[in-house]
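Counting in our numbering, the sequence shown runs from 337 upward without gaps.
C-beta: ideal position from N, C-alpha, C; glycine also.
In what follows, a single structure is set out as structure tokens and then discussed.
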Amino acid sequence: MATVTAAGRPHLVPLVFATADGLVYSAVDDKPKSTRNLRRLDHITATGRASLLVDEYDEDWNLLWWVRVDCEARVADATSPEGTAGVRALVSKYPQYTTLPPTGPVIVFRPDRWAGWSATATRSGRAG
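Set out below in structure tokens:
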């Protein structure tokens with residue numbers, strides 16, 4: 337995920353995500369982090385924007401693809417209706433969350449622009 341700092345610099349972090357009802361969700365989970373005051377949350381709160389990049393690598397370069405999604409973004413409490421929907425989508429996608437679902441803030445992405453590329457005209461991938 338890419339956000340922009342107050343100084344206009346890009347800030348990139350990897351994340352796990354799930355989709356539901358046209359939205360993309362990610363959450364602050366209990367994996368170790370250097371702080372709970374995450375810059376990505378501050379940037380989203382300040383700008384209301386983020387971009388996601390999903391790609392597929394394969395030794396067979398005919399199978400390569402990527403998609404970038406520019407989004408409106410907001411931070412929701414995990415117990416809010418939006419946050420609950422996001423946690424439910426994440427738990428359904430990632431078995432690791434079944435026993436320990438995310439309890440931290442949920443990032444809600446509303447895609448408004450897509451761009452992508454595929455080495456072949458037709459491609460089915462695992463993303464999402």
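Does the beta-carbon of residue i have 16 or more other beta-carbons within 10 angstroms, so that it is buried, or is it exposed?
| i | result |
| --- | --- |
| LEU436 | exposed |
| GLY464 | With a pLDDT of only 49 at GLY464, under the threshold of 50, the placement of this residue in the model should not be trusted, and no figure is reported. |
| ALA342 | exposed |
| VAL349 | exposed |
| LYS434 | Here residue 434 turns out to be Thr, not Lys, going by the sequence shown. Exposed, by the Cβ-count rule. |
| PRO417 | exposed |
| PRO438 | buried |
On the DSSP letters alone, give me the boundaries of the beta strand (DSSP E) that residue i sits inside.
| i | result |
| --- | --- |
| ASP448 | 442 to 454 |
| ALA354 | 354 to 356 |
| LEU359 | 359 to 363 |
What distance in whole Å lies between the Cβ atoms of residue j and residue i, which are believed to be in contact at a cut-off of 8 Å?
| i | j | result |
| --- | --- | --- |
| TRP453 | TRP397 | At roughly 12 Å, the Cβ-Cβ gap does not stay under 8 Å, so TRP453 and TRP397 are not in contact. |
| ASP448 | ASP406 | 6 Å |
| LEU381 | VAL360 | The question names Leu, but residue 381 is Thr in the sequence shown. The pair is not a contact, with the Cβ atoms about 17 Å apart (cut-off 8 Å). |
| SER362 | LEU351 | 5 Å |
| ALA421 | GLY440 | ALA421 to GLY440, Cβ: 15 Å. No contact. |
In the DSSP assignment, find the unbroken alpha helix (DSSP H) run with residue i in it and report its ends.
| i | result |
| --- | --- |
| TYR433 | 432 to 435 |
| PRO417 | 417 to 429 |
So what does residue i bridge to, in DSSP terms?
| i | result |
| --- | --- |
| GLU408 | ARG385, ARG446 |
| LEU348 | ALA338 |
| GLU395 | Beta-bridge pairing links GLU395 to no other residue. |
Could you check which residue in the options has the C-alpha nearest to that of residue i?
| i | options | result |
| --- | --- | --- |
| TRP450 | LEU388, ASP394, GLY344 | LEU388 |
| ARG345 | GLU408, THR383, GLY358, ALA425 | THR383 |
| SER428 | ALA356, VAL442, HIS379 | ALA356 |
| ALA386 | THR456, ALA455, ILE443 | ILE443 |
| GLY358 | ALA455, ARG446, THR456 | ARG446 |
| THR456 | TYR430, ASP394, PRO438 | ASP394 |
| HIS347 | ALA354, ALA338, PHE353 | ALA338 |
| ASP378 | VAL364, VAL423, ALA425 | VAL364 |
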